Amino acid sequence: MATTTTITEPVPIFKLAHRYLLYDVDVVTYLRREHNIAGVFIGTLPQASQQNVFLGLPLELMPEEARLLVEKGAAHIVDDVAEHKQNFLAKGLGTEERKAYQAALRKQGLGAAKEASKKSDEKKKNALKKMATENWNDIPDDMFDSAPRRGRRAPQAKQEVPATSSDVSDEETLFASSANSFPASSIISRTASNASTPGLEPYGVTPTTSYPPLQALTIDDGKKDELPVVPKSYPVYRHLHDKGYFLAPGLRFGCQYMAYPGDPLRFHSHFLCNGMDWDQEFDLLDLVGGGRLGTGVKKGFLVGGEQPSNSKINESKEGEKPEVRTFCVEWGGM
Amino acid sequence: MADADEDVIPRGPSKGEDVDLSDETQDFRFLTSISKENATIPKRGEKDFESHGTALQSNTLAASRQAMHNALSFQRVHQPKGLTVGHYHPETNMAYSDNPKGPLFARMGHVRSAKDDPLGDEDARRRGQRLWFLPEEVLYLIERGTLDLRWPPLDGDEGQMGLPMSLQAAYAMFIGDEDTHDGALTLERYSVYSSLKRSGYTVLRAPSWDSPGPPLSSHCYPPSPQRTWQPGFFSTATLRKLFFSQSSDQDEQSQITGPIIKPGLYRDYATIYKRLSLIPFYDPTTATQPSSQNDPSTDPAFRITYHVWKPGSPKFKKSAPGPPDFRIAVINARETTPPTLEQLGSLLETTPYDAPNPEGQMNANLKYGYKNVILAVVDQGVTSYLRIADAAFGMEKVYERKAQRGGKRGGRGGGRGRGRGR
Chain A
2 MATTTTITEP VPIFKLAHRY LLYDVDVVTY LRREHNIAGV FIGTLPQASQ
52 QNVFLGLPLE LMPEEARLLV EKGAAHIVDD VAEHKQNFLA KGLGTEERKA
102 YQAALRKQGL GAAKEASKKS DEKKKNALKK MATENWNDIP DDMFDSAPRR
152 GRRAPQAKQE VPATSSDVSD EETLFASSAN SFPASSIISR TASNASTPGL
202 EPYGVTPTTS YPPLQALTID DGKKDELPVV PKSYPVYRHL HDKGYFLAPG
252 LRFGCQYMAY PGDPLRFHSH FLCNGMDWDQ EFDLLDLVGG GRLGTGVKKG
302 FLVGGEQPSN SKINESKEGE KPEVRTFCVE WGGM
Chain B
5 MADADEDVIP RGPSKGEDVD LSDETQDFRF LTSISKENAT IPKRGEKDFE
55 SHGTALQSNT LAASRQAMHN ALSFQRVHQP KGLTVGHYHP ETNMAYSDNP
105 KGPLFARMGH VRSAKDDPLG DEDARRRGQR LWFLPEEVLY LIERGTLDLR
155 WPPLDGDEGQ MGLPMSLQAA YAMFIGDEDT HDGALTLERY SVYSSLKRSG
205 YTVLRAPSWD SPGPPLSSHC YPPSPQRTWQ PGFFSTATLR KLFFSQSSDQ
255 DEQSQITGPI IKPGLYRDYA TIYKRLSLIP FYDPTTATQP SSQNDPSTDP
305 AFRITYHVWK PGSPKFKKSA PGPPDFRIAV INARETTPPT LEQLGSLLET
355 TPYDAPNPEG QMNANLKYGY KNVILAVVDQ GVTSYLRIAD AAFGMEKVYE
405 RKAQRGGKRG GRGGGRGRGR GR
């Protein structure tokens, strides 16, 4: 992956109203890559906001997924509501921190504004060029570069916006001459104090996460995190996850989980899974219905449960996980 | 069109293909074909059956993941020109904006009257323009990058603006903190709200949002037969009914004692079949409104949550929305079991009487039912829509069926409430 942001475990999972959400794109991709946790995107993608095929952050985790990550020590649960209330409504954040946060956001906004004006300049330039080349052929290229009137003058040194294409950076050097440059701080203070300055007005930014300004706390006081409450199908979930499957909520196919042999981005699911108690009785009709449905959609119908360890025999093996057994039903249609 | 962006809604799948792409995780590499202009929904991405350890496969997966990462890293920025700034109001867990800009606000938000406005009536002119947003509305507007919401300013903040509220903070406040405000917005309800809004529907809270709702009105019952009586005039239908019911009474008498079908002269089969139909059946048209006030007896888990209007519906006005096109009940799959007949019955009782077209085809009519409601079942962020209708099989006489022209299949796929933005 090109984007390698180091993630330090345990990652925070944000809990609100008994749901488990993730907001950080790096954490989301990290868990997908390293822990086979896909989750479900439930948010709107701002760049394509009127469709339901591709969804964006936040990512909702099943309680099973949150539990598994916490048990592994890969994540811890953060009470997001309390955190936000304390820091933003009460004065949990110091004045300095707030100032720094605002400055950082303004910088991002400025970057976005620059990007946008660059894009529109580029467009204009291309349009002019197109028009011009139809009429005259020997006009120097420089003529079509728009005048440096839009405060594209901040030094490149601390830019967060990556200059992606080469011609963009070329253009940048064209105007980063010392005559036009201001220190970045002066631009910020100018635009803040007076919006009518010829400098670029920073765009408003709505950050996706609240970290920063909030600081991720690592809980080291020995107190164990409260484990997410999971349904009784959890042993089957954990068992299949251990085998390398990606599991997704399965109500669409009338089951508890759908098991994918790899990342659901790339693979079709193999099994419709239902977890049960070992001695649980269920209708034979469920087995028939599930088997028929599964075969109809080219998947296997899988039932599984945790085999209770016989306490008299296995007393010596204390601490060992009880065995989970799964059974797959396929409709023969003979 | 509520929004310029709606033009970008991909308009349905190509002909003959009835595949719901949102059913499955799609390859994010196809997203670019949606974000661009004159977009079409991508074809189903080619997926593999299982890992075969080839470099090609792992490279494709890496590319898909990278595309997903890029798409998700998109930052919400607001141009100063069309900026709508909102302010969070912690006491009510709502937000307001003094200068809403854009066509989206024609169908969202509401103006409060002087005595209802939590900010009071200090500046009447500003109050008239101030739009209040319910939690789900704010969250949706933030999420699609339309609203720049600010925390309440504290001492030491520059100007009158508080810190910008992040998406995460918005979820924490508007959904996580609903409990302490006695609000009823849950993540499931919000998921359904935003997915309907993304499809272009107009969505408002139903009166039974957080209470049993108003007593059942006359709309919930079939129009009473008295209405067809007009002064000094019997409609032919009423007359016929009068005579017909008399003769059928006589028939019943003779059926008890004598043969079901008396020997005699029958000119058509319908008369014979009519006499053969001895078993009483459920007739939703005979339900009558009780004279006393009838409060709905719905189970809290099965109540109508949203009223939904089709996109571009000309009838919709924010001040007088009119009857909705759909009624949706949001259900949490993890916390409820399939509804019992009783739960469903009392839920359907609260929906208005909506008889099928008497001229319509039998199958379509059966599917349409006499009352209907849409269930949106949410399982951990995955929503399935089901249309439940109060069908009356006894009302559709098979022996009266007219010869069918054309195809056998009647009606549109009523079960799939999932809109395509049309």
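The listed protein sequences correspond, in order, to chains A and B. Just so we're aligned: the first sequence equals residues 2 to 335 in our numbering. Just so we're aligned: the second sequence equals residues 5 to 426 in our numbering. Cβ coordinates follow ideal geometry from the N, Cα and C atoms, glycine included. As the structure is a computational prediction, the values presented were derived from the model and not from experiment.
Residue i versus residue j: straight-line alpha-carbon distance, rounded
i       : j       : result
Y286(B) : A396(B) : 6 Å
T88(B)  : L108(B) : 11 Å
A67(A)  : A49(A)  : 29 Å
V330(A) : V304(A) : 8 Å
R34(A)  : G263(A) : 10 Å
S55(B)  : K244(A) : 14 Å
Q384(B) : T344(B) : 22 Å
A305(B) : I335(B) : 7 Å
V115(B) : L135(B) : 5 Å
P328(B) : L167(B) : 38 Å
Q79(B)  : M169(B) : 14 Å
N37(A)  : G364(B) : 52 Å
D299(B) : L138(B) : 27 Å
T355(B) : D102(B) : 36 Å
A359(B) : Q347(B) : 21 Å
F283(A) : V298(A) : 23 Å
A83(A)  : A380(B) : 30 Å
A114(A) : C274(A) : 49 Å
R202(B) : T96(B)  : 26 Å
H73(B)  : A67(B)  : 10 Å
V237(A) : F42(A)  : 23 Å
Own chain residues within Cβ distance below 6 Å of residue i, not counting five before or after
i       : result
S310(A) : P323
D25(A)  : T210
L62(A)  : Y21, G40
P235(B) : Summary for P235(B): the model assigns pLDDT 48, below 50, so the residue's position carries little reliability, and this model does not support an answer.
Y14(A)  : For clarity, residue 14(A) is Ile in the given sequence; the question names Tyr instead. Correct list, in chain order: Y21, A67, A76, I78.
V12(A)  : V28, A76
F302(A) : L273, G291, G292, G295, V330
For residue i, the nearest candidate out of the options (CA to CA)
i       : options                            : result
N367(B) : M399(B), T387(B), S350(B)          : M399(B)
P213(A) : P59(A), A104(A), L62(A)            : A104(A)
H19(A)  : L106(A), V79(A), V325(A)           : V79(A)
T206(B) : G57(B), K319(B), F32(B)            : K319(B)
I392(B) : G385(B), G349(B), T29(B)           : G349(B)
S234(A) : K120(A), K299(A), K108(A), M259(A) : M259(A)
W279(A) : G290(A), G306(A), G297(A)          : G306(A)
H85(A)  : S388(B), G326(B), G262(B), D181(B) : D181(B)
L191(B) : K401(B), M177(B), G204(B)          : M177(B)
Y257(A) : K130(A), E65(A), E202(A), L56(A)   : Going by the sequence as given, residue 257(A) is Gln instead of Tyr. Here the closest residue by C-alpha is E65(A).
Cβ neighbours of residue i in the same chain (closer than 8 Å, five flanking residues each side left out)
i       : result
Y225(B) : A291, T292, Q293, Y357
Y197(B) : E140, Y144, V207, Y310
Q432(B) : Residue 432(B) is absent from the model: chain B starts at 5 and stops at 426.
E98(A)  : P214
L1(A)   : Past the edges of chain A, shown from 2 to 335, lies residue 1(A), and the structure says nothing about it.
Contacting residues, own chain, Cβ-Cβ under 7 Å from residue i (five flanking each side not counted)
i       : result
I8(A)   : D27, V28, Y31
T150(B) : T88, G106, L108
A274(B) : Y403, E404
Which residues DSSP lists as bridging residue i, in chain order
i       : result
F283(A) : Looking at the DSSP assignment, F283(A) forms no beta bridge with any residue, so it has no partner.
S101(B) : G90(B), L135(B)
N376(B) : A393(B)
V206(A) : V81(B)
N275(A) : V304(A)
C329(A) : L303(A)
P168(B) : R154(B)
Heavy atom of the ligand ATP within 7 Å of residue i beta-carbon
i       : result
T302(B) : No copy of the ligand ATP occurs in the structure displayed, which carries no ligand at all.
Interface positions of the segment 276-294 of chain A facing chain B (Cβ-Cβ less than 8 Å), listed along the chain: none
Members of the segment 137-154 of chain B that neighbour chain A once the beta carbon cut-off is set at 9 Å: Y144, I146, E147, R148, G149, T150, L151, D152, L153
Can you give me, in chain order, the residues of the segment 199-222 of chain B that have a beta carbon less than 7 Å from any beta carbon in chain A? S199, R202, S203, G204
When Cβ atoms are compared, which residues of the segment 52-81 of chain A fall closer than 7 Å to chain B? Q52, N53, V54, F55, G57, L58, P59, E61, M63, D81
For the segment 247-281 of chain A, which residues have a beta carbon sitting closer than 7 Å to at least one beta carbon of chain B? P250, L252, R253, P262, G263, D264, P265, L266, R267, F268, H269
To be precise: take each residue of the segment 166-188 of chain B, compare its Cβ to all Cβ atoms of chain A, and keep it if any distance is under 9 Å. Which residues remain? G166, L167, P168, M169, S170, L171, Q172, A173, A174, Y175, A176, M177, I179, G180, D181, E182, D183, T184
Quick one, which residues of the segment 92-107 of chain B are near chain A if we go by CB-CB under 8 Å, in chain order? P94
Residues in the segment 277-305 of chain B having any Cβ partner in chain A nearer than 8 Å: none
Compile a chain-ordered list of the residues in the segment 58-86 of chain B whose CB is closer than 8 Å to at least one CB of chain A. Q61, T64, L65, A66, S68, R69, Q70, M72, H73, A75, L76, S77, F78, Q79, R80, V81, H82, Q83, P84
For the segment 359-393 of chain B, which residues have a beta carbon sitting closer than 7 Å to at least one beta carbon of chain A? V381, D383, Q384, G385, V386, S388
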